[in-house]
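Engineer:
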Amino acid sequence: MEQKINEFFERVRNAKSIAIMGHKNPDGDSLCSVLALAHLIEKNFGISPVCLYDGNIPDALDNVPLRSRIKYFERVDMSKPFDLAIVMDYGNPVHIGGGQPILDKARFIIEIDHHRNDNNVGQLCINDDSAAATAIIVYKMMRQEGLFMDSYTADLLTLAILTDTGNFKFARSGDPLRIVADLVDSGVNIRGLIELMNNKPRKAVQLEARTAANAEFFYHGRLALATVCKKDYKYLDGRGETVLNLLGQIQGVDYVVLIKEQKPEQIGLSIRSRKKPIDHIAVALGGGGHERAAGAVVRDTLENVRARVLELFKEE
Ligand SMILES: [Mn+2]
């Protein structure tokens with residue numbers, strides 16, 4: 003790892019153009035890790051990376067520091083290849099989305115990720131699936147290299163760790179807490195950052211509440227299944243984490259699945275487990291993720307996907 007990080011900074015020093023992107027439909031870790039790394043590179047190496055995204059950025063992330071420096075991928079000049087393309091937090095090549103042509107042309111590709119992934123796209127991979135967020139890897143890279151960190155970087159790294167660990171709930175080691183403790187000592191205000199993200203449209207929160215209220219329960223109440231249909235999907239802000247959290251608080255519920263009809267015959271799934279790993283279920287549906295928080299996108303009808311989910315959970 004140490005050597006890979008050295009190689010990373012060597013390549014950054016020699017690059018004249020850098021593009022950084024996260025996964026499609028960015029979440030807090032994806033967006034903030036991209037911005038934190040770009041800002042670190044700019045402040046420490048004097049080169050300003052282009053930050054790219056594809057899909058929708060949730061309104062809850064509108065107030066993230068430096069949010070305005072991230073560009074929609076279609077607005078980037080594709081005529082010249084980038085010396086370095088850095089993909090972060092992407093998990094699976096399908097999540098690169100519209101950024102793929104940039105990778106195809108780039109002179110060198112680096113990935114920085116904390117998802118389990120056997121299908122790497124990077125020529126240099128700084129991956130650690132024991133890290134609770136991609137931002138944890140960025141923090142370690144920053145410290146190893148002895149980089150200067152300002153309050154933007156500290157806020158962005160904290161936001162990324164808070165969102166991906168569900169405010170530390172999913173921490174599997176002391177790392178996220180130790181790192182955020184260090185960031186707080188350097189001036190980060192956790193409460194202020196959480197308040198920054200309370201920025202969802204009213205319709206989004208109302209939809210989340212309604213979706214949770216209409217959930218169905220299977221297998222003696224161990225599986226909670228909630229559905230967002232096509233006409234409501236446009237109001238959903240992000241993945242529907244609030245729905246997953248609410249249903250996961252119910253006595254006896256071990257698994258929560260949120261089914262989202264993104265388009266006719268394009269169904270997004272978010273799967274959470276309070277006990278056993280369930281990432282194999284996401285993999286069986288063509289997706290992936292973490293042991294207890296995974297997802298997939300399936301090209302099929304809502305009814306068929308729902309039936310497959312119920313079938314897969316029969317064994318659990
Ligand atoms: Mn992440």
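Position 83 of the sequence shown, counting from 1, maps to 85 under this note's numbering, and the rest follow consecutively.
Yeah, the Cβ is synthetic: ideal placement off N, Cα and C, and Gly gets one too.
In this text the structure is predicted, and so the values were computed from the model without any measurement.
Kindly list the residues whose CB is nearer than 8 Å to the CB of Val14, restricted to its own chain and excluding five residues on each side of it in sequence; keep chain order.
Structural biologist: Leaving aside the five residues that flank Val14 on each side, the residues in its chain whose CB is nearer than 8 Å to its CB run, in chain order, Ile20, Ile43, Phe47, Ile49, Leu86.
Engineer: Tell me Val299's beta-bridge partners as DSSP assigns them.
Structural biologist: Its beta-bridge partners are Gly270.
Engineer: Which term fits Pro103, buried or exposed, when burial requires 16 or more other beta carbons within 10 angstroms of its beta carbon?
Structural biologist: Residue burial annotation: Pro103 is exposed, with fewer than 16 other C-beta atoms found within 10 angstroms of its C-beta.
Engineer: Quick one: measure Cβ to Cβ for Ile273 and Ala286, integer angstroms, because I've assumed they're closer than 8 Å.
Structural biologist: Contact flag wrong, Cβ pair sits at about 11 Å.
Engineer: Does the Cβ-Cβ distance between Leu158 and Ala214 come in under 7 Å?
Structural biologist: no
Engineer: With DSSP run on the structure shown, which of helix, strand or coil describes Asn119?
Structural biologist: Correct three-state label for Asn119: coil.
Engineer: Throw me the rounded Cβ distance for the Leu39 and Ile59 pair, which I believe falls under 8 Å.
Structural biologist: Contact doesn't hold; Cβ gap of about 17 Å is too wide.
Engineer: Straight-line CA distance for Arg193 to Asn94?
Structural biologist: When rounded, the distance between both Cα atoms is 33 Å.
Engineer: Check Val52 in the structure and name its three-state DSSP category.
Structural biologist: strand
Engineer: Taking Tyr74 as part of the beta strand (DSSP E), name the residues at either end of that continuous run.
Structural biologist: 72 to 74
Engineer: Can you give the beta carbon distance from Ile114 to Ala135, rounded, assuming they're within the 8 Å contact cut?
Structural biologist: Beta-carbon to beta-carbon, Ile114 and Ala135 are separated by about 11 Å, too far to satisfy the 8 Å threshold.
Engineer: If you run the structure through DSSP and keep just helix, strand and coil, what is Ile98?
Structural biologist: Reduced to three states, the DSSP call for Ile98 is helix.
Engineer: Among the residues of its own chain, which have a CB less than 6 Å from the CB of His222, if the five just before and after it don't count?
Structural biologist: none
Engineer: Select from Asp184, Ala226, Leu195, Val207 the residue whose C-alpha is nearest the C-alpha of Leu312.
Structural biologist: Ala226
Engineer: Which two residues bound the contiguous beta strand (DSSP E) that contains Ile22?
Structural biologist: 20 to 23
Engineer: Using 6 Å as the cut-off, classify the Cβ of Ala156 as near or not near the heavy atoms of ligand 1, replying yes or no.
Structural biologist: Answer for Ala156: no, Cβ out of range of ligand 1.
Engineer: Please work out which residues of its chain come closer than 6 Å, Cβ to Cβ, to Glu147, disregarding the five sequence neighbours upstream and downstream, and give them in chain order.
Structural biologist: Phe11
Engineer: Going by beta carbon distance, what residues of the same chain come within less than 7 Å of Asp56, once the five residues before and after it are set aside?
Structural biologist: Lys26, Phe75, Gly99, Gly100, Gly101
Engineer: Measure the alpha-carbon distance for Asn16 versus Met151 and round it to whole angstroms.
Structural biologist: 21 Å
Engineer: I think Thr160 touches Leu209, with their Cβ atoms under 8 Å apart; what is that distance to the nearest whole Å?
Structural biologist: Contact flag wrong, Cβ pair sits at about 28 Å.
Engineer: My parser needs the alpha helix (DSSP H) runs of 4 or more residues fully inside the region 106 to 157; what are they?
Structural biologist: 136 to 147
Engineer: Mind checking whether Ala62 and Lys265 have CB atoms under 7 Å apart?
Structural biologist: no
Engineer: Would you say the beta carbon of Thr244 comes nearer than 6 Å to a heavy atom of ligand 1?
Structural biologist: no
Engineer: The alpha helix (DSSP H) that contains Lys171, what's its start and end?
Structural biologist: Per DSSP, Lys171 belongs to no alpha helix (DSSP H) and is neither H nor E.
Engineer: For Leu314 and Gly24, what's the separation of their Cα atoms in angstroms?
Structural biologist: 30 Å
Engineer: Indicate whether Leu37 and Leu68 have their beta-carbon atoms separated by less than 7 Å.
Structural biologist: Between Leu37 and Leu68, the C-beta spacing is below 7 Å.
Engineer: Taking the CB atoms as reference points, tell me whether Leu271 and Gly297 lie closer together than 7 Å.
Structural biologist: yes
Engineer: Tell me Glu12's beta-bridge partners as DSSP assigns them.
Structural biologist: Glu12 is not bridged to any residue.
Engineer: Go ahead and pull the three-state DSSP assignment for Glu317.
Structural biologist: Correct three-state label for Glu317: coil.
Engineer: Drop a sphere of 10 angstroms on the beta-carbon of Ala275, count the other beta-carbons inside from all chains shown, and report buried for 16 or more, exposed for fewer.
Structural biologist: For the record, residue 275 in the displayed sequence is Ser; it is not Ala. The residue in question, Ser275, is buried, as its Cβ has 16 or more Cβ neighbours within 10 Å.
Engineer: Could you have a look at Tyr237 and say whether DSSP puts it in helix, strand or coil?
Structural biologist: coil
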